[in-house]
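Protein chains: 2
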Amino acid sequence: MRAEILAIGSELLTPLRSDTNALHLTAKFLEAGVEVGARVTVADDFGLLESAFRAALARADVVVSTGGLGPTEDDLTRECAAAALGRRLVRDLGYVERLRERFARFGRVMAAVNEKQGDVIEGGRLILNPRGTAPAQVVEAEGRLLVLLPGPPHEMAPLFDEHVLPLVRARAGGRVLKTRVLRIGGMGESDVEQLVAPIYKTFTNPRTTILGAAGQVELHLTAEAASEAEAEARVEALAQPIRAVLPGRIFSEDGRELHEVVAALLVERGLTLALAESCTAGLIAARLTDVPGSSRFLERGYVVYSNRSKSEALGVDAALIEAHGAVSEEVARALAEGVLRASGADIGAAVTGIAGPDGGTADKPVGLTYLAISGAAGERVRRAQFPGERWRVREQAVKALLDLLRRGLLRIDA
Amino acid sequence: MRAEILAIGSELLTPLRSDTNALHLTAKFLEAGVEVGARVTVADDFGLLESAFRAALARADVVVSTGGLGPTEDDLTRECAAAALGRRLVRDLGYVERLRERFARFGRVMAAVNEKQGDVIEGGRLILNPRGTAPAQVVEAEGRLLVLLPGPPHEMAPLFDEHVLPLVRARAGGRVLKTRVLRIGGMGESDVEQLVAPIYKTFTNPRTTILGAAGQVELHLTAEAASEAEAEARVEALAQPIRAVLPGRIFSEDGRELHEVVAALLVERGLTLALAESCTAGLIAARLTDVPGSSRFLERGYVVYSNRSKSEALGVDAALIEAHGAVSEEVARALAEGVLRASGADIGAAVTGIAGPDGGTADKPVGLTYLAISGAAGERVRRAQFPGERWRVREQAVKALLDLLRRGLLRIDA
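Chain order of the listed sequences is A and B.
FYI, in the working numbering the residues of the first sequence are 73 to 486.
FYI, in the working numbering the residues of the second sequence are 73 to 486.
Below, the structure written as structure tokens:
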């Protein structure tokens, strides 16, 4: 079963506005086991709106629109939805009377334009809106459920939750959707795809989506079932063989990001960390301290941007830098050992690389990065060649150092 | 003339993801005087996608899609757009060869699945993407312009701005919209509003939008006119009286962020900087080194998270910390002086604060932050009490330290 959401209003198509209604509806649909196939934001224009309703009704089982139910000339939702269904609008005079009384209660006279707020698509019914003048309406047509909701979020959300969601759940027949996200470090998107595609292709439920970001890949496994437990079991049935082909690579299945996983491991083991960052220049320290309570494990960090600072602050021999260059296995190791010694922390970790766009040579191109750890998570060094622009190289270096720490802490083979 | 934007990807239809591409595209279309009629977010599903392309091509003059151009099974954009146009896909073997070489440069073998990234809709042409493996493509069909762009924002935006926007402008051929963004540091949104509202309310063209973010406020002035020059003159006519009521507060009118302004000032004056960060824990160093060439001014940084590190690395007297607390004017000053001395840089800058959610007391609540600079930009200390959650407190502290540096460098009164 599939839903589609239409957000109606030209003001939503300016760059600075975002549509909070869509987020609420998407979350509620997913909870009810209904997938949202498309979300459309459309201007107040008869042709566009009618076409949007027609397209949505052709491809979704439930279509929900928000907005365009006011009394003004711009408010075309009722007319366009009716036109898309090829039905007439019928004025609910009882509702118009009720609306007139509502105005009277606030000491106002209802304008004639408000009368059209009582128009209902033939065969449909109004849902009263205690928080505003625009009622919602529901129509069943050719097996589809069409719902028109007012735009203001504080009117829309309770109307949907109280009156529409029960109808949706009844149609979905108790089906639930469950998504698990497997996050993978240290591999590219196409490498992951080649390993896991032969597995997930043999499953139609769960469905699998693969998503690549700088320095990590995500697999989204979504199962549909009659119960939470069954959906969970279906997800697990696919997760198992995927884990088997990615040993030690999946760092999270519970929504946590890599820095949260590393922070939790450090706290769990009561270990402290000190960082020496060159090309990432504080990004790793900043990321780890996003987590509240990070003072329990982060002792300190050094942004050793100049060669002088590498020697003065962390005791890296200037001759070593001279001999091998600041971006080298030797200097990465000396930085990790130096920060371990200078800080008295349990683990020292270091990164040195060429973020670009300048500073690359034929021998040492932009993206070349060395990562090292020393101390209680073992002695490890890794060389990497990251593609992309400056920010991507840096982001991949952050992820790679965190993954090196994770693997060291878990004693997973390098 | 009307545009429509299709954002493609099932992951965009989960409640927690927002589509930043649409904001960029909407803003650029408006600047070019092209109205966005609809914005559609659609799942990775052949039927849905084909239908979305078909509907968009029926109602818009320019259709731009983002996403779904990767190498995996989920990436259906090329196939569905071609199907909606009733055209075939033709593989550009030259591009496939180029892609293979790109992989080889990074020491990797291209997977067979990547070959389909060279598929072009018959009659269309590829636009090379220097920042990723997925090229964009452009097709003209029955008077419509169809553009397929990759999904990652840092790939999409430059491809659109450099290659697509000129085509759109050529088609639109008329009115221009011009927006200038005035960025303001060290003031809250309502304080700015009170000063500038009496001015901008007397203008109908430009229109003014005020936007508050953590630690800064933006005024967007948008003028419409028959030419660039006229629009520019209209913007300037409003910018002048606004500048007069915000002396020394506007740090950028040319799109630059605060860290870029500070980096440029340091480079211009040939000054070096060293940082001592406690609550921001590397955020300021990381932000300043986003800028390529930052090794010209950043000497080093210290993430002095523990009290011990403040004393050991920067010589702050343990008795001073004991007497006043780590979050105090005295310790902020000692950190700035200590990092100046330890690094030999021209300027030392320090921040110490309580980011929360824990660690606050009645005397020193969460959000209390001291900022200090010492050396060639003068000796200054500032106390601030930042509202909000952990990330907001940290972000405001970053902006406040950068603004203290800017004002010191420009000798603007504290």
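Even for Gly, the Cβ is constructed at its ideal location relative to N, Cα and C.
Boundaries of the beta strand (DSSP E) harbouring E349/B: 345 to 349, taken from the DSSP string.
Annotation: I484/A is outside any beta strand (DSSP E) and is labelled neither H nor E by DSSP.
Comparing alpha carbon positions, the residue from A183/B, L157/B, R160/B closest to E169/B is A183/B. Below the 7 Å Cβ cutoff, chain B contributes P429, D430, R462 as neighbours of P364/A, in chain order.
Looking only at S378/B, S383/B, L370/B, the smallest Cα-Cα distance to Y377/A is reached by L370/B. The closest CA to that of E467/A, considering only M228/A, A357/A, F232/A, Y167/A, is found on A357/A. Closest by C-alpha distance to L97/B, out of F125/B, V134/B, S123/B, is V134/B. Proximity of chain A to N186/B at the Cβ level (cut-off 7 Å) is accounted for by S262, in chain order. Note on geometry: alpha-carbon atoms of D430/A and A130/B lie some 47 Å from one another. Contact check between the region 469 to 478 of chain A and the region 331 to 341 of chain A: three or more CB pairs, one atom from each, fall below 8 Å, which counts as touching. Cβ contact annotation for K436/A (same chain, cutoff 7 Å, sequence separation greater than five): G397, V399, I426, in chain order.
By the rule that beta-carbons nearer than 8 Å mark a contact, Y377/B touches chain A. For R160/B, the number of other beta carbons within 10 angstroms of its own is below 16, and it is reported as exposed. Around the beta carbon of E107/A, 16 or more other beta carbons lie within 10 angstroms, which makes this residue buried.
Scanning chain A for C-beta atoms nearer than 8 Å to the C-beta of G119/B yields R131, reported in chain order.
What A127/B touches in chain A, judged by beta-carbon distance under 7 Å, is S123, A127, going in chain order.
Segment contact: the region 306 to 317 of chain A against the region 263 to 277 of chain A, three or more CB-CB distances shorter than 8 Å; contact assigned.
From the beta-carbon of G109/A, the residues of chain B found nearer than 8 Å are L85, V114, A115, D117, L120. Against chain A, the CB of T144/B has a partner CB under 8 Å away; the residue lies at that interface. Taking 8 Å as the cut-off, the beta carbon of T138/A is found no closer than this to the beta carbon of M73/A.
Straight-line spacing of the CA atoms in H292/B and D91/A works out to 20 Å. For a cut-off of 8 Å, the C-beta gap from V438/B to V403/B is around 18 Å, too long to register as a contact. For A184/B, there is no enclosing alpha helix (DSSP H), as DSSP marks it with neither H nor E.
A Cβ-Cβ contact shorter than 8 Å links L443/B with L473/B. Against chain A, the CB of Y167/B has no partner CB under 8 Å away; the residue lies outside that interface.
In the structure shown, G425/B adopts extended strand secondary structure according to DSSP, grouped into three states. The beta carbon of R203/B sits closer than 8 Å to some beta carbon of chain A. Selection R255/A, S383/A, A353/A evaluated against R321/A yields R255/A as nearest (Cα-Cα). Residues of chain B with a Cβ closer than 7 Å to the Cβ of I282/A are, in chain order, T144, D146. Close partners of E371/A in chain B (Cβ separation under 8 Å): Y377, S378, R380, S381. Per DSSP, R159/B lies in no alpha helix (DSSP H) and is assigned neither H nor E.
Ranking E300/B, A285/B, A99/B by CA distance to the CA of F458/B puts A285/B first.
Taking one beta carbon from each stretch, the region 107 to 118 of chain A and the region 111 to 119 of chain B have 3 or more pairs nearer than 8 Å; the two touch.
In the same chain as G142/A, and ignoring 5 residues on each side of it, the C-beta atoms closer than 7 Å to its own belong to A206, in chain order. Sixteen is the threshold: when 16 or more other Cβ atoms of the shown chains lie within 10 Å of the Cβ of F232/B, as they do, the residue is buried. DSSP places K250/A inside the beta strand (DSSP E), whose first and last residues are 248 to 257.
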